[in-house]
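Sequential numbering of the sequence shown, starting at 2, is according to this note's numbering. The beta carbon of each residue, even a glycine, is placed where N, CA and C say it ideally should be. Below is one structure; the comments refer to it alone.
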Amino acid sequence: PELTAYVSFVKQFCVRMEAAELPPLSGRILERIFAHLSAFQLARARLTCRRWNEVISGSPQLVAKFRLSLERFFRGGETERDFMLENVKTCYSTVDYGASHLIQVEQVWLTIGPNIRHLIIHDCWLDLSKVGYMLRYLPNLEELTFTPYYLESDMIKDVKIDYRMDKLATLTVGSTDRIDEVLDLFKQICSNLVVLRVSCERHYCNEENLLNLIFASRDTLQEISMKKYNFEDDFLPKISSMDRLELKRLSLKQCYIESEEDIFNLSLAQPLLEHLDIQSAQLRSNEVLVKIARNLPYLRSLKINLNKLKGSLMDESLNCMSELEHLKLISEQPKRIDISKFQNSTLAKLSLSGVTLTINTLEGISNNLPKLKNLTLECSEHKSPIPQSVLQSLESLKLKQVTNLSTIIYPTKSTWDLKQLQVISCDLSGKSLQTICQQCPLLETVHLESTYYVCDRDVQLLCRTLKRLRSLSFVDCRLVSDVTVENAIVHCRKLEYLRIEYCRKVKKNRRWYKAEMKPRFKISIGP
Numbered sequence: 002p003e004l005t006a007y008v009s010f011v012k013q014f015c016v017r018m019e020a021a022e023l024p025p026l027s028g029r030i031l032e033r034i035f036a037h038l039s040a041f042q043l044a045r046a047r048l049t050c051r052r053w054n055e056v057i058s059g060s061p062q063l064v065a066k067f068r069l070s071l072e073r074f075f076r077g078g079e080t081e082r083d084f085m086l087e088n089v090k091t092c093y094s095t096v097d098y099g100a101s102h103l104i105q106v107e108q109v110w111l112t113i114g115p116n117i118r119h120l121i122i123h124d125c126w127l128d129l130s131k132v133g134y135m136l137r138y139l140p141n142l143e144e145l146t147f148t149p150y151y152l153e154s155d156m157i158k159d160v161k162i163d164y165r166m167d168k169l170a171t172l173t174v175g176s177t178d179r180i181d182e183v184l185d186l187f188k189q190i191c192s193n194l195v196v197l198r199v200s201c202e203r204h205y206c207n208e209e210n211l212l213n214l215i216f217a218s219r220d221t222l223q224e225i226s227m228k229k230y231n232f233e234d235d236f237l238p239k240i241s242s243m244d245r246l247e248l249k250r251l252s253l254k255q256c257y258i259e260s261e262e263d264i265f266n267l268s269l270a271q272p273l274l275e276h277l278d279i280q281s282a283q284l285r286s287n288e289v290l291v292k293i294a295r296n297l298p299y300l301r302s303l304k305i306n307l308n309k310l311k312g313s314l315m316d317e318s319l320n321c322m323s324e325l326e327h328l329k330l331i332s333e334q335p336k337r338i339d340i341s342k343f344q345n346s347t348l349a350k351l352s353l354s355g356v357t358l359t360i361n362t363l364e365g366i367s368n369n370l371p372k373l374k375n376l377t378l379e380c381s382e383h384k385s386p387i388p389q390s391v392l393q394s395l396e397s398l399k400l401k402q403v404t405n406l407s408t409i410i411y412p413t414k415s416t417w418d419l420k421q422l423q424v425i426s427c428d429l430s431g432k433s434l435q436t437i438c439q440q441c442p443l444l445e446t447v448h449l450e451s452t453y454y455v456c457d458r459d460v461q462l463l464c465r466t467l468k469r470l471r472s473l474s475f476v477d478c479r480l481v482s483d484v485t486v487e488n489a490i491v492h493c494r495k496l497e498y499l500r501i502e503y504c505r506k507v508k509k510n511r512r513w514y515k516a517e518m519k520p521r522f523k524i525s526i527g528p
């Protein structure tokens, strides 16, 4: 009787609440609520909030969460293009421009240019002279990502550069056959760069053009990132000797560096460095590493290659870096190291590629590295399991080309606080996946790639077990089919994004988008 009375009371209360007219929330309250939502969640909120457009348009922070996509935009005639541009709202601050041919610059960018803060140009067939004209209409641009497919630069000399882009702070230039002209163009218009990222092949880029661009922004430049660049012998010494250049981040990915002395002199000249990525440098002794560490007292992130290191990595080399938060050790040849005496109270992320830790090191991690939250194991073979004390404290775990996976992770009665899991090219079985899901109930992100033994039934158990799952992705999983998508739609109530690529059995199905099975999240089905 008490239960019946309680149910009756609840029903009456609900009826009264439906009949009552609740006062509308103010724009300030809605703005605070929307600030905690992702772009996809905001798009869903548009269906129920009448003041959505007013609140979003009036907040630059909320507008920044959205991106105006002009991909494959200029394929029709000029009349069609002009009509589409008339309906483009000018409030967008981020624009993605890709796979298009840039024409009629004045008409295109005059409408949306003044509000753009971040512009992404990729996979385009462009005339570099029109790029020079286009940038004139982007006076407030703060970040530019420039990775075109092909550039024509015959007319670039005729472009009159009578403007400056003083607000442009972040510049990313991808590999292109006209990279010398691109760097020369930005050298003329940019003088306040804070972040410079360049990716190129050696025969594409002239060293002097790159140095001139760095020299032009030396007063404000804090980060230099280069990828696939073969240095001349005097390139790093010129960076070290450049007056008024104070870097905080230096990343040299796939850039062959032969001389240890150049890295040492760089550490002397740039004592404020916080991030140092020298994976391509051929360090040969622990003594040089100790000297570099002592020259960089603020170092927080270090990525080094141990391939040619004589002997083994010594604990003394790492203990000099008391402020280190991220450490990545790489070796092309399988290497087993013992850093059981390495103690660091700030290290939160440890990445090992081709490196295997000894049993003593694994057992001491929880005591020696108390703040470790992110662990990455790549291209390694572990004959002993990861201690439960380590797994229980992790929030993110990435396993790539790791053998003996069932040995590393074994079922226990305890649960882990893991929130992100990536398994790539590992012998992950359905049983192992089920074990992980049961022991990691807090998982929010799961990425499975080239895991050939995972099938639809395993994914169904995953979707039913993980109640907090927000992002789920499968890449090159041969046994995954359309059933997996339906399981995600039915069981994953909090899912925001489902990504499936190179899964042969998965094809787009119209049935997913019908009223009875319409997904609440974004679905991306690749080739």
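Cβ pair residue i, residue j closer than 8 Å
i, j, result
"Leu-357", "Ser-390", "It should be noted that the sequence gives Thr, not Leu, for residue 357. Not closer than 8 Å, so no."
"His-383", "Lys-350", "no"
"Thr-148", "His-123", "yes"
"Ile-425", "Glu-445", "no"
"Glu-32", "Val-56", "yes"
"Ser-482", "Asp-457", "yes"
"Cys-438", "Leu-467", "yes"
"Asp-253", "Ile-279", "At residue 253 the sequence reads Leu, which differs from the Asp that was named. It is a contact, given that the beta carbons lie within the stated cut-off."
"Leu-307", "Lys-336", "yes"
"Trp-417", "Gln-393", "yes"
"Asp-459", "Gln-435", "yes"
"Leu-395", "Cys-427", "no"
"Ile-340", "Thr-362", "yes"
"Val-195", "Leu-222", "yes"
"His-448", "Ser-474", "yes"
"Ser-557", "Asn-375", "One cannot answer for residue 557 here, as it falls past the ends of the chain, which runs 2 to 528."
"Leu-152", "Arg-179", "yes"
"Cys-464", "Asn-488", "yes"
"Trp-174", "Ser-130", "The residue asked about is misnamed: residue 174 is Val in this sequence, not Trp. Contact flag unset, no."
"Leu-211", "Val-199", "yes"
"Ser-241", "Leu-267", "yes"
"Glu-224", "Lys-249", "yes"
"Lys-414", "Leu-443", "no"
"Val-484", "Leu-499", "no"
"Cys-191", "Met-166", "yes"
"Asp-490", "Gly-527", "The sequence shown places Ile at residue 490, not Asp. Their beta carbons are not under 8 Å apart, which means Ile-490 does not touch Gly-527 by this criterion."
"Tyr-299", "Leu-269", "no"
CB-CB length for residue i against residue j, believed under 8 Å
i, j, result
"Leu-186", "Leu-142", "Wrong, their Cβ atoms sit about 14 Å apart, outside the cutoff."
"Ile-113", "Tyr-98", "10 Å between Cβ atoms; not a contact."
"Arg-137", "Tyr-93", "19 Å between Cβ atoms; not a contact."
"Gln-255", "Ser-281", "6 Å"
"Leu-325", "Leu-348", "6 Å"
"Phe-41", "Lys-523", "6 Å"
"Leu-290", "Ser-318", "4 Å"
"Leu-297", "Glu-261", "About 15 Å separates the two Cβ atoms, so there is no contact after all."
"Asn-207", "Asp-235", "So it is not a contact: roughly 14 Å between Cβ atoms."
Buried or exposed (CB count within 10 angstroms, at least 16 for buried), residue i
i, result
"Gly-28", "exposed"
"Ile-338", "buried"
"Thr-177", "buried"
"Leu-496", "buried"
"Glu-259", "exposed"
"Glu-79", "Because the pLDDT at Glu-79 is just 47, under 50, the model does not fix this residue reliably, and the value given afterwards should be weighed accordingly. Exposed, since its Cβ has fewer than 16 Cβ neighbours within 10 Å."
"His-276", "buried"
"Lys-329", "buried"
"Gln-334", "exposed"
"Arg-301", "buried"
"Ile-600", "Limits of the chain in this structure are 2 at one end and 528 at the other, which puts residue 600 out of reach."
"Ile-331", "buried"
"Lys-304", "buried"
"Ser-39", "exposed"
"Gly-59", "exposed"
"Gln-62", "exposed"
"Asp-83", "Per-residue confidence for Asp-83 stands at a pLDDT of 46, beneath the threshold of 50, marking its modelled position as unreliable; no derived number is given."
"Ala-36", "exposed"
"Ile-111", "In the sequence on display, residue 111 carries Leu and not Ile. So Leu-111 counts as exposed."
| message | As an exercise, report each continuous beta strand (DSSP E) stretch of at least 3 residues that is fully enclosed by the stretch 190-252, in chain order. | response | 196-200 and 224-228
| request: For the stretch 293-328, list the beta strand (DSSP E) runs that are entirely contained and at least 3 residues long, ordered along the chain. | output: 302-306
| Length at least 4, wholly inside the stretch 367-428: the alpha helix (DSSP H) runs in chain order | 389-394 and 406-409
| task | Let me know the beta strand (DSSP E) ranges lying completely inside the stretch 430-466, each 3 residues or longer, listed in chain order. | result | 446-450
| If you scan the stretch 115-150 from start to end, which runs of the alpha helix (DSSP H) of 4 or more residues do you find wholly inside it? | 129-136
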